[in-house]
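Numbering (this note's numbering), first residue to last: 433 to 802.
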């Protein structure tokens, strides 16, 4: 059995590079350091994979040689008037570069999966700009982490433990300690409820802290703090210090309200999008008072009502915060090498996605060429 270390995981955009793979008879038989999603990818990648090329003949897909498949693919491309070459997020940067050359050769459109996930983020960054950094900097220095419209425990399972709240940084402690304390408190509540049911024959109810600021949230201990903003209570929200549940499609209003509070403007209403203004004031104070904050945003912003305008507001909020403290923002990119696709597209054509070569030179008009 052969052992291969420091393998990059090809699932989500975190690209964990500490994976150990064991190979036997040219197949992956065991992995270490992966999340459940990564493990399933490594061990089951070949279950539905077609090992040989297929060509449709008389309405049915038939096996063919690689030479025949390449020749037929070339014929289809050269005979087409306006081909689109789409995808590119599950392959290497070197292959993407060759794909761009092919798109230019056949005069077609080439697009990647940013179109259906973080395309609005790219458009907003082009409008507003983005103050960002490396994940290593966040691991060591960020004391406030906000996930907005993103559930890393489901989509990027190792993100929190490797880069943010539960990672042990050089200057910041891991948030495991406060999480264990909260977990202990929940267990005590469950035990009290169970005793009450057995002895008092009635259920105990505890106040809902959906919008209340719990005591541990303003602790003086030097631990990272985690804030989650989402439309539902996700797995990530369950481990957060502070969870803010917003109504669907109202992120733009909440972000703009936070901008007003950060800029010391009064909100002449009692609530915004169903959230009490007092809660938003507490969150704004927390953001201003941190040493280094990071806002991670996901497709909850880019694919809900407002799309790129939601991201505009988030980027502008971080820009405003940098007048008062140090704050950064980063998209939670999803599929494997989609970021690599954007980088290679920009490197080769000047545009990150939705590139049209039909006139012999690259044109960029998302919405038409995406």
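Using N, Cα and C, we set each Cβ at its ideal position, and we do this for glycine too.
- Between residue 687 and residue 715, the C-beta gap is not smaller than 8 Å, which leaves the two residues out of contact.
- In the three-state reduction of the DSSP assignment, residue 520 falls in the coil class.
- In the three-state reduction of the DSSP assignment, residue 452 falls in the strand class, which pools E and B.
- Contact between residue 765 and residue 519 is ruled out by a C-beta separation of about 15 Å, above the 8 Å threshold.
- Per the DSSP secondary-structure output, residue 676 pairs in a beta bridge with 661.
- Residue nearest to residue 454 within the set 468, 530, 703, 474 is 474 (criterion: CA-CA distance).
- Only buried fits residue 590, as 16 or more other CB atoms lie within 10 angstroms of its CB.
- Listed in chain order, the alpha helix (DSSP H) runs fully inside the segment 452-508 are 468-476, counting runs of at least 4 residues.
- Of all C-beta pairs linking the segment 748-759 to the segment 489-500, fewer than three are shorter than 8 Å, placing the two stretches out of contact.
- Judged by pairs of C-beta atoms under 8 Å, the segment 700-715 does not touch the segment 547-563, as fewer than three such pairs exist.
- Taking the Cα of residue 563 as reference, the smallest distance to any Cα among 761, 536, 773, 743 is reached at 761.
- The C-beta separation of residue 543 from residue 785 comes to about 6 Å, placing the pair in contact by the 8 Å criterion.
- If you look at residue 439, you'll find it in the beta strand (DSSP E) that goes 434-439.
- Using a Cβ distance threshold of 8 Å, residue 732 and residue 581 count as a contacting pair.
- Within its own chain, the residues whose Cβ lies closer than 7 Å to the Cβ of residue 466, once the five positions on either side in sequence are excluded, are 441, 451, 474, listed in chain order.
- As the crow flies, the alpha-carbon of residue 682 is around 21 Å from that of residue 667.
- If you look at residue 684, you'll find it in the alpha helix (DSSP H) that goes 683-694.
- Sorting 745, 780, 757, 698 by C-alpha distance to the C-alpha of residue 552 places 745 at the top.
- For residue 589, there is no enclosing alpha helix (DSSP H), since its DSSP letter is neither H nor E.
- Residue pairing of residue 576 in beta bridges, as defined by DSSP: 657, 725.
- Residue 483 and residue 501 have their C-alpha atoms spaced approximately 13 Å apart.
- With respect to the 8 Å criterion, residue 713 and residue 693 are classified as neighbours on the basis of their beta carbons.
- In the structure shown, residue 602 falls within a coil segment according to DSSP collapsed to helix, strand and coil.
- Comparing alpha carbon positions, the residue from 718, 665, 787 closest to residue 515 is 787.
- Excluding sequence positions up to five before and after residue 740, its CB lies within less than 6 Å of the CB of 552, 555, 556, all in the same chain and listed in chain order.
- In summary, residue 510 is exposed, with fewer than 16 beta-carbon neighbours lying within 10 Å of its beta-carbon over all protein chains present.
- Following the DSSP letters along the chain, one finds residue 528 inside the alpha helix (DSSP H) bounded by residues 525-538.
- The three-state reading of DSSP puts residue 768 in coil, since its state is none of H, G, I, E or B.
- For residue 447, no alpha helix (DSSP H) segment is defined, and its DSSP state is neither H nor E.
- DSSP, reduced to helix, strand and coil, places residue 783 outside both helices and strands of the structure shown, so it counts as coil.
- One thing to note: residue 775 has its Cβ no nearer than 8 Å to the Cβ of residue 529.
- For residue 758, the pairing in a beta bridge is given by DSSP as 724.
- Residue pairing from DSSP places residue 788 in a beta bridge opposite 541, 795.
- In the displayed model, residue 701 falls within coil according to three-state DSSP, outside both helix and strand.
- In the DSSP assignment, residue 707 forms a beta bridge with 704.
- Annotation: the continuous alpha helix (DSSP H) that includes residue 557 extends over 551-560.
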